[in-house]
Amino acid sequence: MSRKLLLTLLTLAALLLGIVGSVTAHEADAEAHKAIINRLMTEVLNGGDLSLVPEIYAADFVDHSPFGDTAGVAGMTAYIGNLRTAMPDMQIEALILLAEGDWIAGRFVVNGTFTGQLVTPNGIVPGNNGAVSVPLHHIWQVNADGLLQESWTEFDNLSFLMQLGVIPMMEGMTAPMEAMDYDFTISEALPEMMERTKEDVAVVIEEAFNLGNLDILNERLSADYRSHPEELDLEGFKQNIMGLRAALPDLQADAPIILADGNWVAFHFVSDGTFTEPLLQGEMEVPPTGQPLHLSNILLGRLDENGKIVEMFEMYDNLAFLTQLGVIPAA
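Numbering (this note's numbering), first residue to last: 1 to 331.
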């Protein structure tokens, strides 16, 4: 074997080992980050050991949720303690956990019995001894010390407050989605497929929501696309975007956080616009308020065998959304 050929083979081997080592390190980081959340759920949220909060959250941690921002170790200790006081038997189950780089995302369901009292921004809510079941989506960022630095939480606040008895139960409310049979298994996917999926998300938001190019959905999403809980197919999704753009002509949307793990993608979708034209909500036409409308949504999407999003799970504070529309009076 010539010296030149030997050097070439050694160089290729080094490159391959570097790639394998990089992938292995990425997988190790992802598992370590998922372990942080599993510990948070098992020992703190479900187990009630609040002394562990400083070992999981950074001193300057901030969470953004429908209840407002919660800051610092003391803030999170009080927040978790408040939930456990309201529901001493509270149990949180992770249906799926995704991790990439410094980011973690997941879908969870909270179950408990509202026997205590809950402190809310609008006052103290006494227990009603009723069962509570709330699905939620969460995204965390991990800092260099392996602590949770910042997070975003979205859940169906309207359903939650109805279950607490704060708001009368609306006719036609459905059972939590977790009563249905969905597959949250994570399958392996090539890194290039995950990168392409993140690009698909960014392109769809820019082209469809911001520019009104709905044909991009046919290119970037599966023909069998389905969204939950609205149960929209691809055509229904197009109609939804058209209606939103018509009601908010200055609509601008973005996904400041996108991560992918195997055959799943998670992202934080935010949109802003001015509600100047009527908006169709089911069979009801909502008159415009002339006011700004902000929507924060955390979505998890499953990919088909071709790497296109075929199923989407969304979660947002629909109480805030309906309040901004003027459908529900502001508290």
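The beta-carbon is built from N, C-alpha and C at its ideal position, and this holds for glycine as well. On a predicted model such as this, the values are computed, not experimentally measured, just so you know.
Which of helix, strand or coil DSSP assigns to PRO135: strand
Do ASN306 and LYS186 have their beta-carbon atoms positioned less than 8 Å apart in this structure? Here residue 186 is Ile; the residue named in the question, Lys, does not match the sequence. In this structure, ASN306 does not lie closer than 8 Å to ILE186 by Cβ.
Taking DSSP as the reference, what is the three-state secondary structure of PRO332? Outside the displayed range of the chain (1 to 331) lies residue 332, so it cannot be described from this structure.
Does DSSP put ASN306 in a helix, a strand or coil? coil
Compare the C-alpha of ARG196 against each of THR289, LYS308, GLY72, GLY236 and name the closest. LYS308
Counterpart residues of THR113 in DSSP-defined beta bridges: ALA131
In the DSSP assignment, find the alpha helix (DSSP H) that holds ASP200 and state where it starts and stops. 191-204
Could you check whether PRO249 and THR289 sit closer than 8 Å to each other, using their CB atoms as the reference points? no
Are the beta-carbon atoms of ILE205 and ALA253 separated by less than 8 Å? yes
List in chain order: all unbroken alpha helix (DSSP H) runs of 4+ residues lying wholly within the segment 57-106. 72-86
Per the DSSP calculation, GLY332 is bridged to which residue(s)? Given a span of 1 to 331 for the chain in the structure shown, any question on residue 332 remains unanswerable.
Just the C-alpha distance for THR77 and GLY130, rounded to the nearest angstrom, thanks. 25 Å
Proximal residues to THR274 (C-beta, below 8 Å), its chain only, five neighbours per side dropped: LEU248, PRO249, ASP250, GLY290, GLN291, PRO292, LEU293
Three-way DSSP call (helix, strand, coil) for ALA175 in this model: Reliability fails at ALA175, whose pLDDT of 46 lies under 50, so the model's placement of it is uncertain and the value that follows must be treated cautiously. Reduced to three states, the DSSP call for ALA175 is coil.
Select from GLY116, VAL142, PHE114, ARG220 the residue whose C-alpha is nearest the C-alpha of MET193. ARG220
Give me the DSSP bridge partner(s) of TYR316. ASN297
Are ALA105 and ILE139 close, meaning C-beta to C-beta below 8 Å? yes
Enumerate in chain order the residues of its own chain whose CB-to-CB distance from ALA175 is below 7 Å, with the five nearest sequence positions on each side excluded. Because ALA175 sits at a pLDDT of 46, beneath the cut-off of 50, its placement in the model cannot be relied upon, and the following sentence gives the value as read from the coordinates. So no residue of the chain qualifies.
What residue range is occupied by the uninterrupted alpha helix (DSSP H) comprising SER151? That residue, SER151, is in no alpha helix (DSSP H); its beta strand (DSSP E) goes 148-155.
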